[in-house]
Amino acid sequence: MKTGFRQSMAVLHTWAGLLPGWLLFIIFLFGTVSFFKQEISTWMQPELRDEALSSVAVDKLWQQLASNAPGAKAWQISLPPQRGGETLRASWQAEEQRQTLQLHPSSGEALTTRDTHGGNFLFSFHYNLYYIPWQLARYLVCIASLLMLVALLSGVVIHRKIFIDFFTLRLGKGQRSWLDVHNITAVVALPFHLMITWTGLATLLLTIMPWAILANFPDPSEFRQAIRPTAPHVQPAGVMAEPMPLSKIIATAEQHFNGVRPAFIRVHHPGDLNAMVEIFPHTDRLGSPHQAIFFSGVNGQLLQPPATPGAAIRTLDVMTDLHSARFADPVLRWLYFFSGVGGTLMIATGLILWSVKRGRQMPASTMGRILVERLNITVIVGASAGIAAYFLANRLLPIALAERAAWEIHCLFLTWAAVLLWTLVRPPKSAWRETLVMCALLFALVPVVNTLATSRGIYQSLLQGDGLFIGFDIAMLISALFFAGAAKRISRPPTSPHKTERSR
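Numbering-wise (UniProt numbering), the sequence shown opens with residue 1 and increments by one.
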């Protein structure tokens with residue numbers, strides 16, 4: 001019997017969504033949370049108050065660098081973004097050991113915060129993964145993203161009732177309920193799903209399409225120089241000179257960047273007559289420049305202006321900005337977040353729908369059914385529980401623990417592994433219910449432990465009007481209620497189980 005076009009697209013949609021589905025869920029979950037990575041970093045450093053960067057602080061940093069690292073070949077300085085979440089930091093190489101300096105961004109006083117990667121790890125994990133080489137991780141993410149595009153486009157083709165499905169939600173109907181949730185979360189934010197997947201691929205363009213570059217640039221450094229010129233080579237003069245104040249350097253850079261604050265400053269040969277300053281801007285405006293500028297660290301003379309990017313580079317920069325949403329105001333960031341939640345639920349319900357619809361057509365002992373059911377629980381619940389454990393570890397691990405930031409990450413994966421082990425020894429339905437309850441408890445514990453371990457619990461935050469900490473605790477409680485509700489609903493038998501129609 002000849003298979004029709006829509007039937008072929010349905011098969012393509014099923015397998016293009018299932019095979020990379022577990023990795024796609026991880027990418028969407030961690031990427032969605034990362035829209036608030038600066039706020040997460042602020043919460044994970046309760047010693048740091050959210051205050052604006054001041055010229056007093058940057059000049060104090062400059063003075064301390066001059067006294068503590070006069071012979072260093074270079075100073076690296078990181079400025080906090082306007083959304084906060086980071087300190088004013090500097091580092092330099094001293095003999096064989098790297099030294100760091102951390103100051104309060106407003107007062108300029110020396111500041112010690114707990115060692116944590118904060119929201120930056122969650123952001124990095126959604127495309128670099130962990131415990132495996134980052135090159136391999138990016139190839140896997142690219143392949144999964146390409147299949148995501150295939151699944152999205154084939155899903156549009158097979159939806160004959162796309163507008164009806166948008167308004168249809170039948171709860172307690174087993175397989176049909178999963179299909180309704182899958183359809184709604186897919187359709188309501190379809191433009192976002194297409195945009196975020198396509199722009200994500202664009203940011204990893206060199207990973208998936210290196211051949212034209214390799215053919216035209218045998219040396220990779222030539223290609224990097226062509227698209228984003230690197231620092232001009234300047235030899236030290238061997239003559240001491242008073243460096244230009246850091247506050248003036250920042251002000252000069254902001255003029256060149258049309259008001260955009262610098263993000264990173266590298267001072268080559270500090271204290272020398274030929275000192276050179278290399279400055280990169282924050283990319284917190286849509287279409288803002290990504291290129292560095294270079295000028296003298298003594299008199300501020302521009303040594304190399306930012307290169308004028310061509311249409312291809314400007315397009316890539318805009319697509320990178322659209323994907324990261326650093327430019328977004330609070331309202332738009334929340335819109336990004338809820339659209340990302342919709343995408344995460346779309347993937348999760350698609351995975352569950354396969355095990356409900358197709359998996360139950362197989363014997364319970366079939367390896368494919370066993371694998372999909374266990375992977376669904378491990379990835380969907382395990383990754384979510386791991387994020388809650390990551391936040392709890394930030395509050396519970398000893399402040400002086402060696403490699404503390406790494407142990408926060410290990411706690412995430414240890415929790416994830418515990419969910420995997422639990423799914424292997426329990427029946428699937430029991431494992432779903434029990435791991436969802438555990439996940440709800442972990443999220444509910446976050447505001448409780450935060451109150452007990454810091455002076456910035458929800459009550460103190462309410463008194464001080466600390467909106468970020470209040471909002472974070474509320475978000476944790478909402479997450480706990482969501483997983484508790486899911487555990488309760490999964491315990492109920494469907495009220496009207498029946499098969500879903502073959503054509504949608």
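All C-beta atoms in this analysis are idealised placements derived from N, C-alpha and C, irrespective of residue type, glycine included.
As the structure is a computational prediction, the values presented were derived from the model and not from experiment.
So, at 7 Å on beta carbons, what are the nonlocal neighbours of residue i in its own chain, with the 5 sequence-adjacent residues on each side left out?
{"i": "P305", "result": "I293"}
{"i": "T283", "result": "H290, D321 and R326"}
{"i": "N376", "result": "L351, I352 and S355"}
{"i": "F28", "result": "G340, G343, T344 and I347"}
{"i": "I279", "result": "A253, P262, I265, A292 and I293"}
{"i": "M1", "result": "In this predicted model, M1 has a pLDDT of only 41, less than 50, meaning its place in the structure is not dependable; the value taken from the coordinates is given anyway. So the list is empty, once near-sequence residues are dropped."}
Looking at the secondary structure, which residues open and close the beta strand (DSSP E) in which residue i lies?
{"i": "Q255", "result": "Segment L246 to H256 is the alpha helix (DSSP H) holding Q255; no beta strand (DSSP E) there."}
{"i": "A69", "result": "Per DSSP, A69 belongs to no beta strand (DSSP E) and is neither H nor E."}
{"i": "E278", "result": "M276 to P281"}
{"i": "S296", "result": "I293 to S296"}
{"i": "R89", "result": "L88 to A94"}
Tell me whether residue i sits in a helix, a strand or coil according to DSSP, three-state version.
{"i": "V260", "result": "coil"}
{"i": "H193", "result": "helix"}
{"i": "R333", "result": "helix"}
{"i": "I399", "result": "coil"}
{"i": "E501", "result": "Note that E501 scores a pLDDT of 41, beneath 50, so its modelled location is shaky and nothing firm can be said."}
{"i": "S496", "result": "Caution is warranted here: a pLDDT of 49 is assigned to S496, below 50, making its placement in the model unreliable, and no coordinate value can be reported."}
{"i": "V234", "result": "coil"}
{"i": "T112", "result": "coil"}
{"i": "M44", "result": "coil"}
{"i": "D272", "result": "strand"}
{"i": "L442", "result": "helix"}
{"i": "Q301", "result": "coil"}
{"i": "A431", "result": "helix"}
{"i": "M148", "result": "helix"}
{"i": "M346", "result": "helix"}
{"i": "T100", "result": "strand"}
{"i": "M240", "result": "strand"}
{"i": "R266", "result": "strand"}
{"i": "G287", "result": "coil"}
Got a sec? Which residues, its chain only, sit under 6 Å from residue i by beta carbon, not counting five neighbours each side?
{"i": "residue 513", "result": "Any question about residue 513 goes unanswered here, given that the chain covers just 1 to 504."}
{"i": "P20", "result": "A144 and L147"}
{"i": "R83", "result": "Q38"}
To the nearest angstrom, how far is it from the Cα of residue i to the Cα of residue j?
{"i": "P398", "j": "I409", "result": "14 Å"}
{"i": "T197", "j": "F36", "result": "19 Å"}
{"i": "V298", "j": "H126", "result": "41 Å"}
{"i": "T116", "j": "N394", "result": "7 Å"}
{"i": "F257", "j": "P289", "result": "7 Å"}
{"i": "S91", "j": "I478", "result": "39 Å"}
{"i": "E39", "j": "V437", "result": "27 Å"}
{"i": "I77", "j": "P447", "result": "34 Å"}
{"i": "R285", "j": "D317", "result": "11 Å"}
{"i": "G310", "j": "N216", "result": "17 Å"}
{"i": "F25", "j": "Q64", "result": "46 Å"}
{"i": "S247", "j": "R138", "result": "38 Å"}
{"i": "residue 564", "j": "P270", "result": "Because the chain spans 1 through 504 in this model, residue 564 falls outside it and cannot be assessed."}
{"i": "residue 524", "j": "H13", "result": "For the chain, the structure presents residues 1 to 504; residue 524 sits outside this window and is missing."}
{"i": "residue 505", "j": "A57", "result": "Residue coverage of the chain in this structure runs from 1 to 504, which leaves residue 505 outside it and unanswerable."}
{"i": "V260", "j": "V239", "result": "33 Å"}
{"i": "G108", "j": "S324", "result": "30 Å"}
{"i": "L153", "j": "K357", "result": "22 Å"}
{"i": "L414", "j": "G386", "result": "8 Å"}
{"i": "A328", "j": "M276", "result": "33 Å"}
{"i": "residue 511", "j": "F443", "result": "Outside the shown range of the chain (1 to 504) lies residue 511, about which nothing can therefore be said."}
{"i": "G485", "j": "A406", "result": "32 Å"}
In the DSSP assignment, find the unbroken alpha helix (DSSP H) run with residue i in it and report its ends.
{"i": "T14", "result": "F5 to L18"}
{"i": "Q464", "result": "I458 to Q464"}
{"i": "A475", "result": "G467 to I490"}
{"i": "R160", "result": "Unbroken run through R160: none, as it is neither H nor E."}
{"i": "I26", "result": "G21 to V33"}
{"i": "S324", "result": "A311 to S324"}
{"i": "A74", "result": "Here A74 belongs to no alpha helix (DSSP H); instead the beta strand (DSSP E) covers A74 to S78."}
{"i": "I227", "result": "P220 to I227"}
{"i": "F123", "result": "G118 to N128"}
Under 8 Å, do residue i and residue j count as touching if we go by C-beta distance?
{"i": "I227", "j": "C142", "result": "no"}
{"i": "S41", "j": "N120", "result": "yes"}
{"i": "A312", "j": "D272", "result": "no"}
{"i": "H268", "j": "A69", "result": "no"}
{"i": "L322", "j": "L392", "result": "no"}
{"i": "C411", "j": "F483", "result": "no"}
{"i": "T471", "j": "T32", "result": "Reading off the sequence, residue 471 comes out as Gly, not Thr. Contact: no."}
{"i": "V150", "j": "A16", "result": "yes"}
{"i": "V157", "j": "R6", "result": "yes"}
{"i": "I490", "j": "D473", "result": "no"}
{"i": "L420", "j": "T366", "result": "no"}
What residues in its chain sit with their C-beta under 8 Å from that of residue i, if we drop five residues either side in the sequence?
{"i": "L396", "result": "V449 and A453"}
{"i": "R333", "result": "F35, F36 and A325"}
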